[in-house]
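Chemist:
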Amino acid sequence: MAETLWQRWQAVAERDLEREAVVHLRAGEPALRISRGQLLRDAERVAAQLAGYGVQPGDVCALIVRHQPGFYALYAGVVALGAVPAVLAFPNPRLHPDKFVRGLAGMAQRSGLHFVLTERELAARIAPLVSGDASSVRAVLFPLEWSEPASLPSVSSVTAVRQHAMSAAGEGADAPCVLQHSSGTTGLQKAVVLSHRAVLAHVERYAEAIALSAHDKVVSWLPLYHDMGLIAAFHLPLATGTPLVQLDPFEWIRAPVLLLEALASERATLAWLPNFAYNFMADRIHDDDVAGLDLSSLRMLINCSEPVRAASHRKFLERFASLGVSPRAMSVAYAMAETTFAVTQTLPGERARELRVSRRALERGEVVLDAGADTRACVSCGRPIRDCEVRVMDEAGEPLPEGRVGELWIRSRSLFDGYQNDPERTATALCDGFYKSGDLGFIWQAEVFVIGRKKDLIIVAGKNLSPEDIEDACAAVPGVLAGRVVAFGLDDEASGTESVCVIAESETRDPTAAAALRLAIIKAAMAIDVTVHRVELAVPRWLVKSSSGKLSRQENRARLLAGELGAARARAEEELRPA
Amino acid sequence: MISERLKSVILRELRLADVSIEASTLASEVPGWDSLKHVALLAAVEREFGVRFKTLEVMRLQNVGELDALVRKKLAAAQV
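Residue numbers (my numbering), protein chains in the order written: chain E, 1093 to 1671; chain D, 23 to 102.
1. Determine the burial state of E:Val1631: buried for a count of at least 16 other Cβ atoms within 10 Å of its Cβ, exposed for fewer.
2. Are E:Arg1633 and E:Ser1591 closer than 8 Å when you measure CB to CB?
3. Please name the residue in E:Glu1110, E:Pro1122 and E:Val1449 whose C-alpha comes closest to that of E:Gln1130.
4. Would you report the Cα separation of E:Arg1517 and E:Gly1571, rounded to the nearest angstrom?
5. Could you compute how far the alpha carbon of E:Val1552 sits from the alpha carbon of D:Val102?
6. Can you tell me whether E:Cys1523 is buried or exposed, with buried defined as 16 or more other CB within 10 angstroms of its CB?
7. Go ahead and label E:Ala1360 buried or exposed: buried means 16 or more other beta carbons lie within 10 angstroms of its beta carbon, across all protein chains shown.
8. Which residues of the region 59–83 of chain D have a Cβ closer than 8 Å to any Cβ of chain E? Give them in chain order.
9. Kindly indicate the opening and closing residues of the alpha helix (DSSP H) around E:Pro1189.
10. Threshold first: 3 residues or longer. Then list the beta strand (DSSP E) segments lying entirely within the region 1495–1565 of chain E, N to C.
11. How long is the line joining the alpha carbons of E:Ser1243 and E:Thr1096, rounded to whole angstroms?
12. I want to see whether chain E comes within less than 8 Å of D:Leu92, judged by CB atoms only; does it?
13. Below 8 Å on the Cβ atoms is my contact criterion, and I expect E:Arg1212 with E:Asn1513 to pass it. Report the Cβ-Cβ distance as a whole number of Å.
14. Would you decide whether E:Asp1379 is buried or exposed? Buried here means 16 or more other CB atoms lie within 10 Å of its CB.
15. Tell me whether E:Leu1117 counts as near the ligand NAP, meaning its Cβ is closer than 7 Å to at least one heavy atom of that ligand.
16. Of the choices E:Arg1230, E:Ser1504, E:Gly1120 and E:Asp1584, whose alpha-carbon is the least far from that of D:Lys76?
17. Might you give, ordered along the chain, the residues of its own chain that have their beta carbon closer than 7 Å to the beta carbon of E:Val1460, omitting 5 neighbours on each side?
18. Between the C-alpha atoms of E:Arg1505 and E:Ala1267, what's the straight-line distance to the nearest angstrom?
19. Could you list which residues in chain E have their beta carbon closer than 9 Å to that of D:Gly54, in chain order?
20. Please check if any C-beta of chain D sits within less than 8 Å of the C-beta of E:His1545.
21. What are the residues that DSSP puts in a beta bridge with E:Ser1472?
22. May I ask you to report which of helix, strand or coil DSSP gives E:Lys1309?
23. Do E:Met1373 and E:Pro1335 come within 8 Å of each other at the CB atom, strictly closer than that value?
24. Starting from the Cα of E:Ala1154, find the closest Cα among E:Glu1455, E:Phe1580, E:Ala1650 and E:Val1232 and give me that residue.
25. Between E:Ile1543 and E:Cys1593, which are expected to be in contact by the criterion C-beta below 8 Å, what is the C-beta distance as a whole number of angstroms?
26. Please return the same chain residues whose Cβ sits closer than 7 Å to the Cβ of E:Asp1051, not counting the five positions on each side in sequence.
27. Just to confirm, are E:Gly1204 and E:Val1285 a CB contact at a threshold of 8 Å?
28. Name the chain E residues whose beta carbon is nearer than 8 Å to that of D:Phe45?
29. Tell me the DSSP secondary structure of E:Ala1574 in three-state form.
30. Is the Cβ-Cβ distance between E:Leu1209 and E:Leu1180 less than 8 Å?
31. Give me the chain D residues within the contact set of E:Glu1343, using Cβ-Cβ distance strictly less than 7 Å, ordered along the chain.
32. Would you tell me roughly how many angstroms separate the C-alpha atoms of D:Leu38 and D:Gln84, rounded to the nearest one?
33. Excluding the five sequence neighbours on either side, which residues of its own chain have a C-beta within less than 6 Å of the C-beta of E:Val1569, listed in chain order?
34. Taking the C-alpha atoms as reference points, what is the distance between E:Val1247 and E:Gly1174?
35. Given this structure, state the Cα-to-Cα distance separating E:Arg1420 from E:Leu1124, to the nearest angstrom.
36. Give me the chain D residues within the contact set of E:Pro1366, using Cβ-Cβ distance strictly less than 9 Å, ordered along the chain.
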């Protein structure tokens, strides 16, 4: 019988109410252990309280809270009620308050947010959203301040709430159970709608792919507004009864050793990481901080959510093999919010395979194995998980054979139900039941290799950024010619991720003014919480357009890398010089 | 007032020409000083002054002034 998330969680809890569901960690504090029974009891209390404030089944509740023990019951409480949680990032101090509110307002309009569940600190900023005529937001609530049932609003009993939720029309396996916001920082957020059925079916199939067992334990610092954090490292553990050790993303980024400490002390077996984290931990953890740590419990360290680099795996192993990290733990998954999470996964117990292929042949769209100097090491993402199919397509939408590079199209049982309130974008993204990923790759001996992107998305440290957002922010800087900015990602081998580069056209020639303009552009991007690593100023009309008439990011990027910008600047200086 | 030496190592690590950095300055106010860069920057400060920060000390830092005070404390302790 098809289940809902809540029914599954209850079934899991009933097997052993006292077993750990979540271990909440904070640096310097003892671990807080929440049992399955405790989590569900607290969730029911929260659900009753939410109902008292008018939250009904099917309502979309944005959760904007920091790492804290109350989060888990809050999320589960929203689900218990049959409402739909959407976890959003708590605004980073860099993000300009206006940009945050504008982003949230846009999201409320497109996604149809009904309630914002957050912390008091954001109250003043969010309040205008509720009063706006066009806003769908009915109330901003501070559920982490609600204490015990004594302060319950007018709700008869928890049981009544549960019955209400169960009997509500929307309740059922095909109803939405989560809204997942994929890419974009401010303007172009896409909300992926997932049903109970999609999430549970996915979790089951993905658990198979990683040979999940009762001996497993997940450790994660991943933010829960990201699909990898939310599905792999939160829904998977909850729905399978696998204990989850959850760290604070903000603490981990300041002290990356925390993940290894947690792994060792909790004897965890599974973790998912974006590629940059392998470099980050290998480079930024002091030897004496890891002395004596035993990481041998780690069964799979799964690299996912940004392009996987062979060098990052090697670097991590060189650094931590002596602590018990096995090469066989080096795993890879290919995943996206639109397919709930995983599309492919490498085999458990086997190191992800590497192929050395000719760069020149790859540029032609062909895979030719080559041991020579001009080769690229491509890391396998493994085979499609059960009920998932990957096809490599050419520009005309025709399937390509193995060994040819094309766009990856995916059909999955756990395919999303579309972007919320956005039938046009949904229609563009889907074709004959396949999701057009925008990623470029190939299949080799049934394994999928992802080598690049057709779309202009920038991925920095696992976080998806839309170039449009960055360009809009930079174009508003005085001194930048109207509409003449492009943003794109540049490969950063040292950090194992991409860095953001902006090219802006400007009339400015004076070096001091140019330096000031570059700084102003960096600051404009800072206000949307994006770090621009490189700003290049170009003379007017340097940027070229693509056939669609828009400035071409890929072409201008290629011209920058080919050194054409420097040449154009030299010519401009030449013209300025008196004869 | 933070030390000139601390300011210069911050500017050098972030490749900034000159940006105002005071005791009350927050990392989030300095161009390039994002969460990804934070650990590398602290490592550069450690190298510059020949000191080592502990995880919890790093967690507690609220602004540049506190970083400056931590460096001074470490240096004073090393002299004893």
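Each residue gets a CB set at the ideal place from its N, CA and C atoms; glycine is no exception.
Computed from a predicted model, the values in this text were never measured in an experiment.
Modeler: The relevant details are as follows:
1. Locating residue 1631 of chain E in the first sequence gives position 539, where the first residue counts as 1. Burial call: buried.
2. Counting from 1 along the first sequence, the entry for residue 1633 of chain E is found at position 541. Counting from 1 along the first sequence, the entry for residue 1591 of chain E is found at position 499. Contact flag unset, no.
3. In the first sequence, counting from the first residue as 1, residue 1130 of chain E sits at position 38. Selected option, being the one with the closest Cα: E:Glu1110.
4. As a working note, residue 1517 of chain E is residue 425 in the first sequence. As a working note, residue 1571 of chain E is residue 479 in the first sequence. Distance between the alpha carbons of E:Arg1517 and E:Gly1571: 34 Å.
5. As a first step, residue 1552 of chain E must be located in the first sequence, where it is residue number 460. As a first step, residue 102 of chain D must be located in the second sequence, where it is residue number 80. Rounded to whole angstroms, E:Val1552 to D:Val102 spans 44 Å at the Cα level.
6. Within the first sequence, numbered from 1, the residue matching residue 1523 of chain E stands at position 431. Exposed.
7. Residue mapping note: residue 1360 of chain E aligns to position 268 of the first sequence, counting from 1. Buried, by the Cβ-count rule.
8. Across the region 59–83 of chain D, CB contacts with chain E closer than 8 Å involve Lys59, His60, Val61, Ala62, Ala65, Arg74, Thr77, Leu78, Val80 and Met81, in sequence order along the chain.
9. Residue 1189 of chain E sits at position 97 when you count from the first residue of the first sequence. That run of the alpha helix (DSSP H) goes Pro1189 to Ser1203.
10. 1498–1504, 1526–1536, 1539–1545, 1550–1552 and 1555–1557
11. As a position in the first sequence, residue 1243 of chain E is number 151, starting the count at 1. As a position in the first sequence, residue 1096 of chain E is number 4, starting the count at 1. Unreliable positioning characterises E:Ser1243 in this predicted model, as indicated by a pLDDT of 49, which lies under 50. The coordinate reading is nonetheless provided below. Straight-line Cα distance between these residues: approximately 29 Å.
12. Residue 92 of chain D sits at position 70 when you count from the first residue of the second sequence. It does not: the Cβ of D:Leu92 has no partner Cβ on chain E nearer than 8 Å.
13. In the first sequence, counting from the first residue as 1, residue 1212 of chain E sits at position 120. In the first sequence, counting from the first residue as 1, residue 1513 of chain E sits at position 421. Actually they are not in contact, since the Cβ atoms of E:Arg1212 and E:Asn1513 sit about 30 Å apart, beyond 8 Å.
14. For this step, residue 1379 of chain E is matched to residue 287 along the first sequence. E:Asp1379 comes out exposed.
15. Summarising the ligand content, the structure contains no ligands, and the ligand NAP is consequently not present.
16. The residue you call residue 76 of chain D lines up with position 54 of the second sequence. Of E:Arg1230, E:Ser1504, E:Gly1120 and E:Asp1584, the residue nearest in Cα terms is E:Gly1120.
17. Translated into the one-based positions of the first sequence, residue 1460 of chain E becomes position 368. Closer than 7 Å at the Cβ level, and outside the excluded window around E:Val1460, lie Val1449, Ser1450 and Ala1453.
18. As a working mapping, residue 1505 of chain E is identified with position 413 in the first sequence. As a working mapping, residue 1267 of chain E is identified with position 175 in the first sequence. Distance between the alpha carbons of E:Arg1505 and E:Ala1267: 15 Å.
19. Stepping through the second sequence from its first residue, residue 54 of chain D is reached at position 32. By Cβ distance, chain E contributes Ile1614, Met1618, Thr1623, Val1624 and His1625.
20. Locating residue 1545 of chain E in the first sequence gives position 453, counting from the first residue. Per the sequence shown, the amino acid found at residue 1545 of chain E is Arg instead of His. Taking Cβ atoms only, chain D never reaches closer than 8 Å to E:Arg1545, which makes this a no.
21. Residue 1472 of chain E sits at position 380 when you count from the first residue of the first sequence. Bridge partners of E:Ser1472: E:Phe1541.
22. Here residue 1309 of chain E corresponds to residue number 217 of the first sequence, with the count starting at 1. The answer is coil: DSSP assigns E:Lys1309 none of H, G, I, E or B.
23. Taking the first sequence and counting its residues from 1, the one referred to as residue 1335 of chain E is at position 243. Taking the first sequence and counting its residues from 1, the one referred to as residue 1373 of chain E is at position 281. For E:Pro1335 and E:Met1373, no; Cβs fall outside 8 Å.
24. Residue mapping note: residue 1154 of chain E aligns to position 62 of the first sequence, counting from 1. With distances taken between Cα atoms, E:Ala1154 lies closest to E:Val1232.
25. On the first sequence, position 451 is the one that residue 1543 of chain E refers to. On the first sequence, position 501 is the one that residue 1593 of chain E refers to. So it is not a contact: roughly 20 Å between Cβ atoms.
26. With chain E covering only 1093 through 1671, there is no way to say anything about residue 1051 of chain E.
27. Residue mapping note: residue 1204 of chain E aligns to position 112 of the first sequence, counting from 1. Residue mapping note: residue 1285 of chain E aligns to position 193 of the first sequence, counting from 1. The answer is no: Cβ separation not under 8 Å.
28. For this step, residue 45 of chain D is matched to residue 23 along the second sequence. The residue you asked about is not Phe; residue 45 of chain D is Ala in the sequence shown. In chain order: nothing, as chain E lies at least about 17 Å away.
29. Walking along the first sequence from the start, residue 1574 of chain E turns up at place 482. Reduced to three states, the DSSP call for E:Ala1574 is coil.
30. For the purposes of this step, residue 1209 of chain E is taken as residue 117 along the first sequence, with counting starting at 1. For the purposes of this step, residue 1180 of chain E is taken as residue 88 along the first sequence, with counting starting at 1. Their beta carbons are not under 8 Å apart, which means E:Leu1209 does not touch E:Leu1180 by this criterion.
31. The residue given as residue 1343 of chain E occupies position 251 in the first sequence. Chain D residues near E:Glu1343: Met81.
32. In the second sequence, counting from the first residue as 1, residue 38 of chain D sits at position 16. In the second sequence, counting from the first residue as 1, residue 84 of chain D sits at position 62. When rounded, the distance between both Cα atoms is 21 Å.
33. Here residue 1569 of chain E refers to the residue found at position 477 when the first sequence is read from its first residue. Taken in chain order, the residues that qualify are Ala1612, Ile1613 and Ala1616.
34. Taking the first residue of the first sequence as position 1, residue 1247 of chain E is located at position 155. Taking the first residue of the first sequence as position 1, residue 1174 of chain E is located at position 82. Note that E:Val1247 has pLDDT 45, beneath the 50 cutoff, so the model's placement of it is unreliable and the number below is only indicative. Answer to the nearest angstrom: the Cα atoms are 16 Å apart.
35. As a first step, residue 1420 of chain E is located in the first sequence; it is residue number 328 there, counting from the start. As a first step, residue 1124 of chain E is located in the first sequence; it is residue number 32 there, counting from the start. Going from the Cα of E:Arg1420 to the Cα of E:Leu1124 covers about 31 Å.
36. Here residue 1366 of chain E is taken as the residue at index 274 of the first sequence, counted from 1. Think of a sphere of 9 Å around the beta carbon of E:Pro1366: no beta carbon from chain D falls inside it, the nearest being about 11 Å out.
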